[in-house]
Amino acid sequence: MKTLTVFTPTYNRAHLLSRLYKSLCNQTNKDFVWLVIDDGSIDNTSKIVSEWLLEGKIEIEYRYKENGGMHTGHNLAYKLIKTELNVCIDSDDYMPDKAVEKILDKWNACKIKKIAGIVGLDATEDGEIIGSKLPEIAKGNFIDIYEKYKCSGDKKVVLKSDIVKQFPPYPEYKNEKLVPLGCLYNLIGSKYDFIYENEVYCIVEYQDEGSSHSIFKQYKQSPRGFAYARKLNNKFSKSVSIRLKNAIHIGSSAIFSKDLRILSEKNRTFLNVMVFPLSIILNIYVRYKISNK
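The numbers in UniProt numbering rise by one with no breaks, and the one at position 269 of the sequence shown is 269.
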């Protein structure tokens, strides 16, 4: 059995997948399987993946599911993964030639009990790190990356598969297509540390139609998913300012969902209600941003 699963949830991205496929074929270490989760694509994704399967250059698994959003693709992937480690590489991104080699070398050199995986870096094609580098320490939990060490930008998270399976999947809300993925990493980080590694594991290119560029629209369309992530963050955050910010966002999500019960939160309902006027202002701002795009 391979050691690493590289999994890719994809929806109508057949025109982009070939770049990722080529990067995986170019890996200096082939101790991985590529798991493609087709999230209900209606383009020729199935056809091109079938062609790559016949080429036999790398081990590929393909699964089709009804469209449900990125987080539902992650949920299915975590059910299917059998390898020791896993990492998600989005359909519009790709891996540097030595990425798998670096991941496995680091893991084999630093296996420690109570470690959930490795946090590495994303970068652009011209080598610019997304956000900031990680702190120069061996390990720590996930939420400290942003709160304690004030890092910024998306990071590439390699997870130990048996540890992921200890935690509940992302919730799947009716008529919603997004739950912020970082909430699972925060949940895992509440019990396990991660190895911090300032190596680039993924080259990213944000698409105009992708979730990163349509975040305000996604925020409006998936209010329960965003509220879930904010409430989960509140459980582990030590920052008063972040808890206040979360409360404002929870109120805005309640407005978008037309369900004020979302304001209810253990030990924090009073705060959510008190800042609700600010939630209204935020909600108006989000609507304005959507209408002017």
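Glycine included, C-beta positions come from ideal geometry on N, C-alpha and C.
C-beta atoms of residue i and residue j nearer than 7 Å
i, j, result
"Val36", "Asp122", "no"
"Ile118", "Val164", "no"
"Asn246", "Asn233", "yes"
"Val49", "Thr5", "no"
"Asn26", "Pro169", "no"
"Leu104", "Asn29", "yes"
"Lys217", "Ile129", "no"
"Ala14", "Thr45", "yes"
"Ser253", "Ile262", "yes"
"Lys156", "Gly127", "no"
"Ser41", "Asn86", "no"
Reduced DSSP category for residue i - H, G, I as helix; E, B as strand; rest coil
i, result
"Asn283", "helix"
"Glu205", "coil"
"Tyr149", "coil"
"Gly56", "coil"
"Asn86", "strand"
"Lys156", "strand"
"Thr124", "coil"
"Lys98", "coil"
"Leu80", "helix"
"Pro168", "coil"
"Glu51", "helix"
"Gly140", "strand"
"Pro180", "coil"
"Pro135", "coil"
"Thr10", "strand"
"Thr269", "helix"
"Asp39", "strand"
Rounded separation between residue i and residue j - CA only
i, j, result
"Ser161", "Ile81", "7 Å"
"Pro135", "Lys47", "43 Å"
"Tyr94", "Arg19", "7 Å"
"Ile137", "Lys114", "16 Å"
"Ile60", "Glu265", "43 Å"
"Gly225", "Gly251", "13 Å"
"Thr124", "Phe167", "31 Å"
"Lys111", "Asp90", "26 Å"
"Pro9", "Pro171", "17 Å"
"Ser257", "Lys65", "26 Å"
"Leu24", "Gly182", "25 Å"
"Tyr21", "Tyr62", "13 Å"
"Ile281", "Lys79", "40 Å"
"Ser190", "Lys57", "39 Å"
"Asp38", "Ile215", "22 Å"
"Asp154", "Ser237", "18 Å"
"Trp107", "Asp43", "37 Å"
For residue j and residue i, believed in contact at Cβ under 8 Å, the rounded distance
i, j, result
"Lys139", "Asp193", "5 Å"
"Thr83", "Lys2", "5 Å"
"Val286", "Lys231", "That pair is no contact at about 19 Å."
"Cys88", "Phe7", "6 Å"
"Ile255", "Asn292", "Actually they are not in contact, since the Cβ atoms of Ile255 and Asn292 sit about 19 Å apart, beyond 8 Å."
Check: residue i C-beta below 6 Å from any heavy atom of the ligand PLP
i, result
"Leu121", "The ligand PLP is not part of this structure, which contains no ligands at all."
On the three-pair Cβ rule with 8 Å, is the segment 88-108 touching the segment 191-203? yes
Inspect the CB distances between the segment 171-178 and the segment 137-149 and report whether three or more fall short of 8 Å. Taking 8 Å as the limit for Cβ pairs, the verdict is that the segment 137-149 does not touch the segment 171-178.
Three or more C-beta pairs below 8 Å linking the segment 178-187 and the segment 268-283: no
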